[in-house]
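K.L.:
Would you mind keeping the following structure in view while I ask a few things?
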Amino acid sequence: MSNFIANWWRSQQLKSALSRGDTRRAVQLLQDIQKSGANFSWLEKLFRDKLQLERSFQEYKREKANLTKQITDASQKVDELNLQLTFDYSAEIAFKPNEVFISKTLKDFELFNKDKTKIQCTGIDRNTFDELEKYLIEYLEDELKQKSSKKGFLEDLRIASEDIISLKKGKDPDYQYAITPHVYFMRYFLEGVYSAYIAWFLVYKAGLLKPKINLLDIGAGSGSIFYGLFALLKNVCFDEKSTQIHVSYCSFEKQKYLQYYGLQFWRKYEKYHNTPAVNAYLRFYTSDIFQYATNASDLEQLPNNFYDFISISHCIFAEKQERIASHQKYKYIFQKALKNDGYILVVVQGRRLCQAYERQMTEDESQEKNLIEMFVEELGLKLVWYKYITSTGKRKPMISSEFARFARENLPIQKYMTELAKKYQVVNHDLNYVLDDYVILARK
């Protein structure tokens, strides 16, 4: 009788707890009734079923949340794998410019914006260029030692020096003498690499370089554009240790000896300066730009829609007829060989460009822009941007004596090359790293 009364009392309390919304107390009372062995009333059964449904629903929610997390994690892994595949194989994602590397380069090369388009450069990355200079000296000393034993060496050296120095007079050298490439190496190669390094740095800074680069270099000479790009990428990889870069480089050049000795030096430089993060494949196409595409076989030499960049470095002809004719050939190559999203990089000496269009160097930015736009339009291109890189910080050239003093006091010296060039009487003064170039980026 007492159990009956106790259970009845618990049932009344449970009913009261439910009416108050005290679920916790109601659950305790239901457990007590169950332990007593009494039968559940219809209300207690209903409450019990409700609790079971709630537990089942909570378990379902936990299971659903767990499965959702697994699906999300798997989806993220798939996205990461797809991104990795895109990066490794198609390599269509441009580098995100490294601000630390950019700041270091700006400091090392003492790059300062003088106005909207003019940049002064009076510094250098000594580690990079001293190393390049030392290897080049070693290579040239071996070459010149062999050639100096041959009859007529000094006369050949004199003639080649006179031919090369015509560049400073605004004329195009013949490049036909056997020792011309060696004189070119002593006089202008390092300066060309220096200019190319800055040009590629501006392209990198703009976020336009990709881990896989197909580059056609028109009027390539000994490959200063390639050496400048390689030096920059080597330094980029030093800061971005996980980066793997592939460069497919094609040299388009008339002078086979410039190509030949440029390649021989590359083999020596590559041997002593192995950079696993930068893989370079070099191809050489020896042809006169004025004869290109006149023969059916020429049409097969350059692949269609293949190159990310086509560069023209210091290969703008001084004579008007030659310039116009060469530009027609350039336009044909751009349309055939450049990718639709590719770029043309032109590096041209300021005085050379002005001479070609019968202009004078001026600080008037509107006149400068008009000249650049006319030049780019003649190439059949659309201008993206341009910069004038100058050692002096001025567009107008200094007089010789003033510049000599400025260079001596402010510009980095080619300390190893100066000694070699003086030894072979190629120069009688110190060689400095000097810039007077327009860097022009355009698209077709």
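Letter 179 of the sequence shown, counting from 1, is numbered 169 in my numbering, and no numbers are missing.
Heads up, the beta-carbon is just placed ideally off N, CA and C, and yes, glycines get one too.
None of these values were measured; they are calculated from a predicted model.
1. Suppose you measure from the CA of E260 to the CA of L57; what does that come to, to the nearest Å?
2. For S80, which three-state DSSP category applies?
3. Can you give me the start and stop residues for the beta strand (DSSP E) that N360 sits inside?
4. Would Y428 be called buried (16 or more neighbouring beta carbons within 10 Å of its own) or exposed?
5. Between the C-alpha atoms of P266 and D105, what's the straight-line distance to the nearest angstrom?
6. Just to confirm, are Y239 and L205 a CB contact at a threshold of 8 Å?
7. Is the CB-CB distance between D420 and T408 below 8 Å?
8. Comparing alpha-carbon positions, which option in I215, R257 and F220 lies nearest Q235?
9. Which same chain residues end up closer than 6 Å to Y217 when comparing Cβ atoms and leaving out the 5 residues on each side of it in sequence?
10. Can you tell me which of the three DSSP states R395 falls into?
11. What does a CB cutoff of less than 7 Å around E181 pick up in its chain, not counting 5 residues either side in sequence?
12. Please name the residue in D115, S241, K108 and A346 whose C-alpha comes closest to that of L96.
13. Run the CB neighbour count on R273, radius 10 Å, all protein chains shown included, and call it buried at 16 or more, exposed below.
14. Note the first and the last residue of the continuous beta strand (DSSP E) segment covering F324.
15. Taking C344 as the reference, give the member of E145, N294 and L361 with the closest Cα.
16. How would you label F242, buried or exposed, when you count the other beta carbons within 10 angstroms and need 16 or more for buried?
17. Check for me: the beta strand (DSSP E) holding K405 runs from which residue to which?
18. Give me whichever residues DSSP pairs with W375 in a beta bridge.
19. Under a Cβ-count criterion, where at least 16 other Cβ atoms within 10 Å of its own Cβ denotes burial, should G197 be classed as buried or exposed?
20. Count the C-beta pairs between the segment 351 to 360 and the segment 312 to 321 that are closer than 8 Å, then say yes if the count reaches three, no if not.
21. For N330 and F299, what's the separation of their Cα atoms in angstroms?
22. Just list the residues that DSSP pairs V268 with in beta bridges.
23. What first and last residue would you give for the beta strand (DSSP E) that runs through Y297?
24. What whole-angstrom Cβ distance do T112 and E100 have, given they're in contact under 8 Å?
25. Is the segment 386 to 399 touching the segment 126 to 137 in the sense that three or more CB pairs, one from each, lie closer than 8 Å?
26. Does the segment 411 to 418 touch the segment 361 to 378, meaning 3 or more C-beta pairs lie closer than 8 Å?
27. Per the DSSP calculation, Q339 is bridged to which residue(s)?
28. So for S241, helix, strand or coil by DSSP?
29. Since I believe I109 is in contact with I379 (beta carbons under 8 Å), could you give me their beta-carbon distance rounded to a whole number of angstroms?
30. Mark N103 as exposed unless 16 or more other C-beta atoms lie within 10 angstroms of its C-beta, in which case mark it buried.
31. DSSP puts T107 in a beta bridge; with which residues?
32. Buried or exposed for A84, going by 16 or more other Cβ atoms inside 10 Å?
33. Can you say whether Q2 is buried or exposed, counting buried as having 16 or more other CB atoms within 10 angstroms of its CB?
34. Leaving out the 5 sequence neighbours to the left and right, which residues in its chain are closer than 6 Å to A16 when beta-carbon positions are compared?
35. Mapping the DSSP letters down to three states, classify N29 as helix, strand or coil.
36. Looking at the secondary structure, which residues open and close the beta strand (DSSP E) in which L205 lies?
P.N.:
Answer, in terms of the structure:
1. The residue you call residue 260 lines up with position 270 of the sequence shown. The residue you call residue 57 lines up with position 67 of the sequence shown. So the alpha carbons of these two residues sit roughly 53 Å apart.
2. Counted from its first residue, the sequence shown places residue 80 at position 90. Since pLDDT at S80 reaches only 44, below the 50 mark, its modelled position is unreliable, and no value is offered.
3. What you label residue 360 is simply residue 370 of the sequence shown in a count that begins at 1. Segment E355 to E368 is the alpha helix (DSSP H) holding N360; no beta strand (DSSP E) there.
4. As a position in the sequence shown, residue 428 is number 438, starting the count at 1. Its Cβ being crowded by 16 or more others within 10 Å, Y428 is buried.
5. If you number the sequence shown from 1, residue 266 lands on position 276. If you number the sequence shown from 1, residue 105 lands on position 115. Approximately 39 Å, taken between the alpha carbons.
6. On the sequence shown, position 249 is the one that residue 239 refers to. On the sequence shown, position 215 is the one that residue 205 refers to. For Y239 and L205, yes; Cβs fall inside 8 Å.
7. Numbered from its first residue, the sequence shown carries residue 420 at position 430. Numbered from its first residue, the sequence shown carries residue 408 at position 418. Yes, the pair counts as a contact, with Cβ atoms nearer than the cut-off.
8. Taking the sequence shown and counting its residues from 1, one reaches residue 235 at position 245. According to the sequence shown, residue 235 is Ile rather than Gln. Looking only at I215, R257 and F220, the smallest Cα-Cα distance to I235 is reached by F220.
9. Along the sequence shown, one-based indexing puts residue 217 at 227. Cβ neighbours of Y217 beyond the five flanking positions: V183.
10. What you label residue 395 is simply residue 405 of the sequence shown in a count that begins at 1. In the displayed model, R395 falls within a helix according to three-state DSSP.
11. Reading the sequence shown from its first residue, position 191 is the one you call residue 181. Answer for E181: Y423 and V424, listed in chain order.
12. Start at 1 with the first residue of the sequence shown, and residue 96 comes out as number 106. With distances taken between Cα atoms, L96 lies closest to D115.
13. Within the sequence shown, the letter at position 283 stands for residue 273. In summary, R273 is exposed, with fewer than 16 beta-carbon neighbours lying within 10 Å of its beta-carbon over all protein chains present.
14. Taking the sequence shown and counting its residues from 1, the one referred to as residue 324 is at position 334. From DSSP, F324 is part of no beta strand (DSSP E) but of the alpha helix (DSSP H) over K310 to A327.
15. The residue given as residue 344 occupies position 354 in the sequence shown. Among E145, N294 and L361, the Cα nearest to that of C344 belongs to L361.
16. Taking the sequence shown and counting its residues from 1, the one referred to as residue 242 is at position 252. Its Cβ being crowded by 16 or more others within 10 Å, F242 is buried.
17. Sequence index remark: in the sequence shown, residue 405 carries index 415 (1-based). Residue range K405 to K413 is occupied by the alpha helix (DSSP H) that includes K405, with no beta strand (DSSP E) assigned at that position.
18. Here residue 375 refers to the residue found at position 385 of the sequence shown. Partner(s): L431.
19. Along the sequence shown, read from residue 1 onward, the residue named residue 197 stands at position 207. Result: exposed.
20. no
21. As a working mapping, residue 330 is identified with position 340 in the sequence shown. As a working mapping, residue 299 is identified with position 309 in the sequence shown. Rounded to whole angstroms, N330 to F299 spans 11 Å at the Cα level.
22. The sequence position of residue 268 within the sequence shown is 278, counting from 1. Bridge partners of V268 according to DSSP: I235.
23. The sequence position of residue 297 within the sequence shown is 307, counting from 1. Segment Y297 to S303, the beta strand (DSSP E) holding Y297.
24. What you label residue 112 is simply residue 122 of the sequence shown in a count that begins at 1. What you label residue 100 is simply residue 110 of the sequence shown in a count that begins at 1. Correct: roughly 5 Å between the Cβ atoms.
25. no
26. no
27. The residue you call residue 339 lines up with position 349 of the sequence shown. Answer is D427.
28. Numbered from its first residue, the sequence shown carries residue 241 at position 251. Strand, per DSSP.
29. For the purposes of this step, residue 379 is taken as residue 389 along the sequence shown, with counting starting at 1. For the purposes of this step, residue 109 is taken as residue 119 along the sequence shown, with counting starting at 1. Indeed they touch by this definition, with Cβ atoms about 5 Å apart.
30. One-based indexing of the sequence shown puts residue 103 at position 113. That one is exposed.
31. In the sequence shown, the residue the question calls residue 107 occupies position 117. Note: T107 sits in no beta bridge, so no partner.
32. Taking the sequence shown and counting its residues from 1, the one referred to as residue 84 is at position 94. With fewer than 16 Cβ atoms within 10 Å of its Cβ, A84 is classed as exposed.
33. Working through the sequence shown from its first residue, we reach residue 2 at position 12. By the neighbour-count rule (16 or more Cβ atoms within 10 Å), Q2 is not buried but exposed.
34. Within the sequence shown, the letter at position 26 stands for residue 16. Closer than 6 Å at Cβ, skipping near neighbours: L4, A7 and L8.
35. As a first step, residue 29 is located in the sequence shown; it is residue number 39 there, counting from the start. In the structure shown, N29 sits in coil (DSSP, three-state: anything other than H, G, I, E or B).
36. By one-based count along the sequence shown, residue 205 stands at place 215. Unbroken beta strand (DSSP E) run through L205: K202 to I208.
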